[in-house]
Amino acid sequence: MIMRVAQLGSGTPEIAVVAGVHGDEPCGVRAVERLLDERPTVERPIKLIVANEEALERRVRFVDEDLNRAFPGDPDAKTHEGRLAHRLIEELDGCLTFSMHSTQSHGEPFAIVNGVSETAKEIVPQLPVAAMVETSNFAEGRLFSAIDTVEVECGLQGSETAAQNADRLTRAFLTAVDALPGDTIRSDLPVYRLTDVIRKQDADTYEVFVDNFTEVDAGDPFAAADGDTQVADEPFYPILMSPNGYRDVFGYAAKKLDVLTAPPAAD
Ligand SMILES: [Zn+2]
């Protein structure tokens, strides 16, 4: 058991849905399993993948290393995820890919893209997300450095809401790419670019004093490690910030780039 690969519809898929890149984020797996149970009639073939089955089984983020830092991988890699990354790229070659994650930092869904491409601008405003985050400064080793991918953060890790969001997000994506029938709703979408990593020193207790996607002013305290407070040098938007979500970083600082506005609804 390495990776589960299935397909809806016949022909060679140019669209893929990926769940379980991280084994402790089960929300997307539920969305994929539901599609496999219901087998909706699709207008384009779709590849469905549950990526890191071994980590999912063990309920850990990864077995040897973070899969979403291991791309492009290598068939002879020493790590499970190094080999898996290579296999996953072979499976996803030529597919516009939708990959689902969840976080410990933010309950509301948002999208993560590698650059504000035409594809991102077309697809992401049709998803039920509150923001689009552009992370090309930090793309190394991530799936979207190798495959054209829209990532979504579906909500809080392990929550029922994240699983329900994963389902809604997947259906919206598949509708936006004309694989499922129907219409999507376009909404105004703020776009952010990650500019810096916010590191944390080794400590026993961590605190975060700010809300993700809410601007922090220069001079404001935003986090602390063992009571040692970090203060903003300049204004920034915190993204993926949480006290204990990552081992050595609190999260990221971002700039707000733009708001993509929805065209007025046609009557
Ligand atoms: Zn993840």
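In this note's numbering, the protein residues as written are 2 to 268.
Where a beta carbon is used, it is the ideal one built from N, C-alpha and C, also for glycine.
Quick caveat: nothing in here was measured; it's all calculated off a predicted structure.
Candidates E161, I47, G246, of which the one nearest G10 by Cα: Taking the sequence shown and counting its residues from 1, the one referred to as residue 10 is at position 9. Closest by alpha carbon: I47.
4-residue-minimum alpha helix (DSSP H) runs that sit fully inside the segment 107–149, ordered along the chain: 119–124
Any residue whose CB is nearer than 5 Å to a heavy atom belonging to ligand 1, listed in chain order: H23, E26, H102
F63 CB to nearest heavy atom of ligand 3 below 7 Å: The model on display carries ligand 1 but not ligand 3.
Enclosing alpha helix (DSSP H) for F210 [first to last residue]: Mapped onto the sequence shown, residue 210 falls at position 209. Neither: F210 is in no alpha helix (DSSP H) and is coded neither H nor E.
Length at least 4, wholly inside the segment 23–96: the alpha helix (DSSP H) runs in chain order: 28–39, 54–59, 81–93
Proximity of Y193 and I148 at Cβ, strictly below 8 Å: Start at 1 with the first residue of the sequence shown, and residue 193 comes out as number 192. Start at 1 with the first residue of the sequence shown, and residue 148 comes out as number 147. Taking 8 Å as the Cβ cut-off, Y193 and I148 do not qualify as a contacting pair.
Backbone CA spacing between M101 and H87 [nearest angstrom]: Start at 1 with the first residue of the sequence shown, and residue 101 comes out as number 100. Start at 1 with the first residue of the sequence shown, and residue 87 comes out as number 86. Taking the straight line joining both Cα atoms gives about 19 Å.
From A233, E216, A263, residue whose alpha carbon lies closest to that of K256: In the sequence shown, residue 256 corresponds to position 255, counting from 1. Of the candidates A233, E216, A263, the one whose C-alpha sits nearest the C-alpha of K256 is E216.
Nearest-angstrom Cβ-Cβ length linking N245 and Q105, presumed shorter than 8 Å: Residue numbering aside, residue 245 sits at position 244 when the sequence shown is read from its first letter. Residue numbering aside, residue 105 sits at position 104 when the sequence shown is read from its first letter. At roughly 7 Å, the Cβ-Cβ gap stays under 8 Å, so N245 and Q105 are in contact.
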